[in-house]
Every structure is written in C-alpha cells, then in structure tokens.
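Numbering-wise, the sequence shown is residues 1 to 288 according to the numbering used here. Heads up, the beta-carbon is just placed ideally off N, CA and C, and yes, glycines get one too.
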Amino acid sequence: MSALAHLYLPGALTLWCALFFALAALWGYVELARGDETARSFARRAYGFFALSILLCAVVLGLLLARRDFRIDYVFQYSGLDLPFHYQLAAFWAGQKGSFLIWLLWGSLLGVPLMLTIRRQEAPVMGIYTLTQLGVLLILVRESPFKMLAQTPADGQGLNPLLQDDWMVIHPPIMFVGFALSAVPFAIAMAALLERDTKDWAARAFPWALAGFMVLGTAILMGGYWAYKTLGWGGYWGWDPVENASLIPWLFGTALVHGLYLERTRGRYRRANMVLAALGFLAVLYGT
C-alpha cells in the first residue's frame with residue numbers, strides 16, 4: 001500500500017502547465033527589461049495563466065479531498081470517511097505539500113494586483129517575484145501532492161485529533177497569506193537594487209509590508225488563542241519551532257514597516273530596510 005505507483009494526471013497537468021506559464025512569464029519580463037515593450041502583454045498573459053493553473057491545481061486537490069479519493073497518497077494520509085466536511089477542507093493544508101500549494105496559491109494571486117499597480121518597475125519587480133513563485137512551484141512539481149498509491153485503501157488515516165478544531169479551518173490560510181505577502185517587499189527591494197534606482201522603492205513597498213505585518217500578526221494572535229483553547233499547552237505561546245516560524249518573519253516585518261515609514265518621511269534607514277525586506281522573506285523560506 002505504501003508504494004506509490006504514478007501521478008494523478010489532471011492534478012499533475014495543472015502543475016506542469018503552471019511551470020510552463022511561469023517560465024514563459026519570466027522570459028517575457030526579461031525581454032521587457034531589455035526594452036522590448038511588445039513583451040509586456042505576453043508576460044502579463046503568461047503570468048495570468050500561471051495563476052489560473054495554480055488555482056485549478058488547488059481546486060483539483062480540494063475535490064479529491066471532498067470525494068475522499070484514497071487512491072491519492074495525500075488524501076489517504078490526512079482524510080478519512082468519518083471526517084466532517086470542514087475538516088476535509090482543513091486537510092488541504094494539514095500536510096507540507098498542501099501547505100506549499102496554498103502558499104503558492106496566495107502568492108500567485110497576489111502577483112496579479114502587483115503586476116497591475118507596479119507600473120514602470122513592472123519588468124524587474126515581476127521578474128524577481130515570478131522567480132520566488134517558481135522556487136515553491138519546483139518543490140511541488142518534485143514532491144507532488146498528486147502521487148497515487150499502488151492499491152486503494154478502504155479508508156484514510158484521518159486528520160490528527162489535535163488539529164480537528166475550527167481554528168484549523170481559519171488560521172493556516174491566513175498565516176500563508178502573510179507568508180505570501182513577504183515576497184512582495186523582497187521583490188521590490190531586489191528590483192530597486194538591480195535597477196540602481198532606490199529613490200521611490202519605500203513608497204512602493206510600504207503598503208505591501210503593512211499588509212503582511214497586519215495579516216501575519218492576526219494569524220499569530222489566532223494561533224496563540226488556538227494553542228491556549230485547544231492544544232493544552234497551558235498558555236498562549238510555547239516557543240516551539242512552529243510558532244517561531246511565524247514570529248520571526250513578523251518581527252522582521254514589524255521593523256520593516258517602521259523603517260519604511262521613517263525612510264519615506266525622513267529619508268533614513270534605506271539600506272537597513274532593504275536588508276529587512278530580504279531577511280523577512282528568507283525567514284519565511286527557512287521556517288516553511
């Protein structure tokens with residue numbers, strides 16, 4: 001039963017399509033950065049199809065969980081016949097592969113408003129941002145959530161009883177929105193360095209940094225209450241690796257928000273802010 005036979009084709013195809021369109025978008029933005037304005041439309045369309053492919057990928061995995069299709073190894077590991085529907089939904093992000101997928105889903109969708117609002121810095125910012133999404137996508141292509149078992153079990157292993165709580169449905173998706181947002185200030189900072197034009201980068205990065213600070217902070221508060229209410233830790237904070245994985249990026253994000261405000265109003269801390277933008281994103285990568 002533990003031997004994996006092959007991949008579930010509809011899900012695997014969405015991942016491969018996403019990889020193709022992400023590479024196409026990256027190529028388009030490289031050409032746009034070289035001065036070919038005709039590449040802008042191509043790059044935008046390619047990125048849009050990349051985001052759509054990831055959305056379809058998430059829909060496929062969600063349907064497999066809803067149908068309790070135990071041919072799929074990921075469904076077998078985190079789902080079960082007696083699991084209520086909302087916990088079936090929560091099983092999506094109960095494992096590492098599903099967590100990477102929802103992280104990539106939020107990241108790909110956030111790239112659309114970024115693409116439409118970044119204006120003259122679109123080529124370098126979206127090129128770097130697409131690279132960050134490609135990194136997560138390559139992990140998913142290699143460690144696919146659509147691997148199938150050689151034999152179909154009668155039932156799944158189910159969701160960890162400690163995770164069978166309403167907060168499991170709400171908390172992780174919000175946390176991964178915060179993680180996804182950390183890539184935007186990073187991309188804007190790296191693009192500013194690449195273009196050697198750091199004059200206005202703080203104004204472009206500040207709204208995204210503030211959104212990430214607020215969303216991830218909300219997720220941390222939710223997680224603390226969940227730990228106190230359900231998990232039996234005897235407090236709101238346990239200083240375990242899971243909690244610290246969200247706290248460290250949030251601390252970098254807190255410093256970045258304050259630093260960007262001072263840079264915009266007083267012209268200070270430009271280099272420090274760029275370091276903070278990079279460290280916040282790297283902390284998310286390390287923590288996940």
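- From Ala-3 to Ala-24, what does the alpha carbon distance come to, in whole angstroms? Reliability fails at Ala-3, whose pLDDT of 39 lies under 50, so the model's placement of it is uncertain and no value is given.
- Item | Close-in-space but distant-in-sequence residues of the same chain around Gly-223 (CB under 6 Å, 5 per side omitted) | His-171
- Apply the 10 Å Cβ neighbour rule to Tyr-8 and answer buried if 16 or more other Cβ atoms are within range, or exposed otherwise. buried
- Rounded to whole angstroms, what's the CA-CA distance from Met-1 to Gln-151? Just pull it up for me. At Met-1 the pLDDT is 40, less than 50, meaning the model places this residue with poor confidence and gives no usable figure here.
- Query: Considering only the beta carbon of each residue, do Leu-89 and Val-169 sit closer than 8 Å?
  - Reply: yes
- Item | Where Ile-72 falls: helix, strand or coil (DSSP) | strand
- Extent of the continuous alpha helix (DSSP H) to which Lys-289 belongs: The structure shown does not extend to residue 289, since the chain spans only 1 to 288, so no value can be given for it.
- Alpha carbon of Asn-244 to alpha carbon of Thr-288, nearest angstrom: 11 Å
- Message: Does Leu-7 come out as helix, strand or coil in the three-state DSSP assignment?
- Response: strand
- Query: Quick one: is Asn-160 buried, meaning 16 or more other Cβ sit within 10 Å of its Cβ, or exposed?
  - Reply: exposed
- Could you please give the first and the last residue of the uninterrupted alpha helix (DSSP H) stretch that includes Asn-310? Residue 310 is absent from the model: the chain starts at 1 and stops at 288.
- Whole beta strand (DSSP E) runs in the segment 99-155 with 3 or more residues, listed along the chain? 147-149
- Query: In terms of alpha-carbon separation, which member of Thr-265, Ala-187, Gly-158, Gly-107 lies closest to Asn-176?
  - Reply: Sequence inspection shows Phe at residue 176; the Asn mentioned does not correspond to that position. Closest by alpha carbon: Gly-107.
- Query: Near Gly-28, which residues of its chain fall below 7 Å by C-beta distance, leaving aside the five closest residues on each side in sequence?
  - Reply: Ala-39, Phe-42, Ala-43, Ala-46
- Query: Would Val-284 be called buried (16 or more neighbouring beta carbons within 10 Å of its own) or exposed?
  - Reply: buried
- Rounded to a whole number of angstroms, what is the C-alpha to C-alpha distance between Ile-72 and Val-125? 37 Å
- Query: How many angstroms separate the CA atom of Val-136 from the CA atom of Phe-100?
  - Reply: 7 Å
- Item | C-alpha distance - Gln-133 paired with Ala-191, whole-angstrom precision | 15 Å
- Can the beta-carbon of Pro-145 be found closer than 8 Å to that of Leu-61? yes
- So what's Gln-164 in DSSP terms, helix, strand or just coil? coil
- From the DSSP output, in three-state form, read off Glu-31 for me. helix
- Item | Residues of its chain near Gly-217, where Cβ-Cβ distance is below 7 Å and the 5 sequence neighbours each way are ignored | Trp-250
- Query: What is the residue span of the alpha helix (DSSP H) that Gln-157 lies within?
  - Reply: Per DSSP, Gln-157 belongs to no alpha helix (DSSP H) and is neither H nor E.
- Task: With Trp-201 as the anchor, note down where its alpha helix (DSSP H) starts and where it stops.
- Result: 201-226
- Query: Smallest Cα separation from Gln-83: which of Leu-279, Trp-226, Gln-164?
  - Reply: Per the sequence shown, the amino acid found at residue 83 is Leu instead of Gln. That would be Gln-164, whose Cα lies nearest to the Cα of Leu-83.
- Provide the residue span of the alpha helix (DSSP H) that contains Gly-48, from first to last. 39-66
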